[in-house]
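A.B. asks: Under this note's numbering, the first residue of the first sequence is numbered 2, with each subsequent residue one higher.
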Amino acid sequence: MIKVFNTMSRTKEIFKPLKKGEVSIYCCGVTPYNAPHIGNARPFVTWDVIRRFLAKSGYKVTYIQNFTDVDDKIIKTANEQGVTWKDVAEKNIAAYFKSMDALNVRRADFYPSVSETMDDIIKMIQTLVDKGFAYVLDNGDVFYSVEKIKNYGKLSKRTLDDMLAGARVAVDERKHHPMDFALWKSAKPGEPSWESPWGKGRPGWHIECSAMSLKYLGEKFDFHGGGSDLIFPHHENEIAQSQAAIGDENSFAQYWIHNGFITDGNEKVSKSNKEMVKRNKGFFTVEEILAKYPGEVVRLLLLQTHYRNPLEFNEERVIEAQEFFGKLAKAYWQLDTLARKIHAGEFIKDTGEKNFAITVSRAGGLVEESERLLANFYDAMSDDFNTALAITHLFELAQEVSSYYDDFNAGKILPVTIDGDILLRVRDIYLEMASIIGIFEQPVPVEKVEEKSEASSELVDALMKIILSLRQEARAAKNWAVADKIRDELKSAGITVEDTAQGATWKRSL
RNA sequence: GGCGGCAUAGCCAAGUGGUAAGGCCGAGGUCUGCAAAACCUCUAUCCCCAGUCCGAUUCUGGGUGCCGCCUCCA
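#1: Taking the beta strand (DSSP E) that residue 144 belongs to, which residues open and close that run?
#2: Going by DSSP, name the residue or residues bridged to residue 285.
#3: Among residues of its own chain, excluding the 5 on either side of residue 268, which ones have a beta-carbon nearer than 6 Å to its beta-carbon?
#4: Rounded to the nearest angstrom, how far is the Cβ of residue 144 from that of residue 183, given a contact under 8 Å?
#5: Compute the Euclidean distance between the alpha carbons of residue 1 and residue 501, then round it to the nearest angstrom.
#6: Would you kindly work out how many angstroms separate the C-alpha atoms of residue 323 and residue 508, rounded to a whole number?
#7: May I have a chain-ordered list of the beta strand (DSSP E) segments no shorter than 3 residues that lie completely inside the region 251-304?
#8: Using the three-state DSSP reduction, which class does residue 479 fall into: helix, strand or coil?
#9: With H, G and I counted as helix, E and B as strand and the rest as coil, what does DSSP make of residue 455?
#10: Express the C-alpha separation of residue 186 and residue 83 in angstroms, rounding to a whole number.
#11: Which value, in whole angstroms, describes the spacing of the CA atoms of residue 1 and residue 363?
#12: Confirm, please, whether the CB-CB distance from residue 260 to residue 497 is below 8 Å.
#13: In three-state terms, what does DSSP make of residue 446?
#14: Which same chain residues end up closer than 7 Å to residue 387 when comparing Cβ atoms and leaving out the 5 residues on each side of it in sequence?
#15: Of all the options 161, 137 and 138, which has the alpha carbon lying nearest to the alpha carbon of residue 148?
#16: Can at least three beta-carbon pairs, one atom from the region 132-141 and one from the region 106-116, be found at a separation below 8 Å?
#17: Apart from the five residues just before and just after residue 284, which ones in its own chain have a Cβ nearer than 8 Å to its Cβ?
#18: Residue 408 to residue 499, Cα distance in whole Å?
#19: In terms of residue numbering, what span does the beta strand (DSSP E) encompassing residue 136 cover?
#20: Taking all protein chains shown into account, do 16 or more other C-beta atoms lie within 10 angstroms of the C-beta of residue 447, making it buried, or fewer, making it exposed?
#21: When the Cα of residue 126 is compared with those of 38, 341, 62 and 215, which residue comes out closest?
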């Protein structure tokens, strides 16, 4: 049983799909007028995990995400840069994909754009005009009439009276009601336009999502999501339009999922906050952040807070997440190594009956524990996609594994083949959790447990081998001054040396 | 001004009507020539007041603080 918090009811509801075994999702995508910043990334990472979880739970998932490629800001940017609106959109869509790929966000089933859905948009506006929910002005503008529908404001929990009382914006006198919004804007000089029954123009904001969801998912679909800043007016207006056009107030999305904001100093991260952009120069867009830290680390950080809560983002937290990720990765490495080597019989020795029993019981405990944690993991995910809690279960397993590994290395556990079989099962469980969270899909850039560094060249490896063997000679002669000096100087050169029971290891400092 | 949300340890962050997961930091320990790493152990009564209840951090009301939306915004 999966429970989800529905913004419409403001409560957790039991999820029942419209079609058995299938889930349809529409998530509002981006307006590609510049490169995505970290705040933009959150809903897509969130939905990516939801998709993975639902798919793993046996649902056939259809996921649609749009690009609003016809928009004021895009036109403005294009005019400023002396390029076409399409150039701007294409460039930023490419940037979007690049960032999302690095965050392991899987591709949507379709990415409709406004420019490619124009016919459907015009058709929907025409329906609204025909049914009397919209009106056309002399200049060709078309507005939606909010008074024509019952319960306008039901998603954002406000009434037309509330909104009038708190109105802050100068009202356009041509509108029948101050809250009426544009479905179609007549063409202005220097702007792209499309032919329509009302003359040349382009769609207003909101209508594209209604038209696209109808086109790709039909009159009813399961989930609709996006950032909580979209609740009003965007999603409210989508509901009004769609349900009016379809003629069914139960149509359109069944569950509304909204994610909280990423904050910086308790303030919403936003491109329009000039001061914040300035303060975070060089560490603001996803691309900038990914230039310094691995995508999987950033992804993990984004999922360590429940999606509905605000998430404070700064470099310190990324570093913390990197440490956390490193431990998860190391435990996986330990588990994989141990399982494969024991399974292949590499470690087999005569353990004696007593030790054999202890070892099997210890490994058996590990597999029981991993199964318990896997169940907890699914419970957490089933409770409104609580990735923050789910990740701690994965981490607990990582700790169990590391503890086992430590004892193994210390000789407290003797290897027998049966361990390998059991540990392979534990490894599969570990990977199952990781795959839903969506990590370990990229080469792990973590520290080495063996004596050479992954990111190094053969030459560096050879040099390090020489240096470390010289240092080892000094250590053997108890010449600590020389040994420590070598270690200290390597450290300042960006290489960390650690002495272990198996000899010295080195890695590049992070 | 209208509407909505949040308030848990130094920091981050789950959660529950029966005295609160996890991470970071910190303290102690094992190991070690030292260091590091690793592993083990320890560290909160949940913003304030009132109410309901046998019992509230968790429910209700009030207060305070913070945030968001109402204009573009993930």
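Don't be surprised by glycine CBs; every beta carbon is placed ideally from N, CA and C.
C.D. replies: So, from the data block:
#1: 143-145
#2: DSSP lists no partner for residue 285.
#3: none
#4: 6 Å
#5: A question about residue 1 goes unanswered here, because the residues of the chain that appear run from 2 up to 511.
#6: Distance from the CA of residue 323 to the CA of residue 508, rounded to the nearest whole angstrom, comes to 16 Å.
#7: 253-260 and 263-265
#8: coil
#9: Low confidence applies to residue 455: its pLDDT is 46, below 50, so where it sits in the model is not reliable, and the reading given next is rough at best. Residue 455: coil per DSSP, three-state reduction.
#10: 23 Å
#11: Nothing about residue 1 can be read from this structure; the chain reaches only from 2 to 511.
#12: no
#13: Unreliable placement is indicated for residue 446, whose pLDDT of 48 sits below 50; no coordinate value is reported for it.
#14: The residues 307 and 381, in chain order, have a CB closer than 7 Å to that of residue 387 in the same chain once the five nearest residues on each side in sequence are set aside.
#15: 161
#16: no
#17: 290, 293 and 316
#18: 19 Å
#19: 135-137
#20: In this prediction, residue 447 has a pLDDT of 44, which is less than 50 and means its spatial position is unreliable; nothing more can be read from the coordinates.
#21: 215
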